[in-house]
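Presented below is the structure to which this report refers.
In UniProt numbering, the protein residues as written are 1 to 126.
In structure tokens, the structure reads:
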């Protein structure tokens, strides 16, 4: 008899609700989508957000462990690549969807799970 199959939970990224709230507020105020981005880190930003003098978006909510400003390159790059694949992407979401509304109105964090074909968002208690 072979070994029993073990169900593997899809990998996930966690985003702190306290980091997401200002990004969500900006997207709602500007009546635009919120974008999940994987390039130089993994992060959320408003589609039409305020920019700094250097052109960089002012409000960004990075995934825990995937912020190139604070996490070592090899660490965040490997985590992002292992969990979200090789390709860079930007995926638009409605900032007034149920999960984001729970974050704006509460203290929850956001968990992102990815498969080869789907991104799943769910709130988790902080």
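The C-beta atom is built at its ideal place from N, Cα and C for all residues, glycine as well. As the structure is a prediction and not an experimental result, all values here were calculated from the model.
Residue 173 vs residue 49 beta-carbon contact at 9 Å: In this structure the chain extends from 1 to 126, so residue 173 is not present and cannot be described.
What number of angstroms, rounded off, separates the C-alpha of residue 126 from the C-alpha of residue 16? One-based indexing of the chain shown puts residue 126 at position 126. One-based indexing of the chain shown puts residue 16 at position 16. Whole-angstrom Cα-Cα distance: 8 Å.
Classify residue 91: buried if its beta carbon has 16 or more other beta carbons within 10 angstroms, exposed otherwise. Numbered from its first residue, the chain shown carries residue 91 at position 91. Classification for residue 91: exposed.
Can you pull the DSSP bridge partners for residue 35? Counted from its first residue, the chain shown places residue 35 at position 35. 45, 92, per the DSSP bridge assignment.
Here's a check: name, in chain order, each residue in its chain whose Cβ is nearer than 8 Å to the Cβ of residue 64, leaving out the five neighbours to either side. Within the chain shown, the letter at position 64 stands for residue 64. Closer than 8 Å at Cβ, skipping near neighbours: 13, 14, 15, 16.
Can the beta-carbon of residue 40 be found less than 9 Å from the beta-carbon of residue 22? If you number the chain shown from 1, residue 40 lands on position 40. If you number the chain shown from 1, residue 22 lands on position 22. Result no, Cβ atoms of residue 40 and residue 22 do not sit closer than 9 Å.
Given this structure, state the Cα-to-Cα distance separating residue 121 from residue 55, to the nearest angstrom. The residue given as residue 121 occupies position 121 in the chain shown. The residue given as residue 55 occupies position 55 in the chain shown. Looking at the two C-alpha atoms, the distance is approximately 29 Å.
Is the closest heavy atom of the ligand MN to the C-beta of residue 72 under 8 Å? With respect to small molecules bound, the structure shown includes none, and the ligand MN cannot be examined in it.
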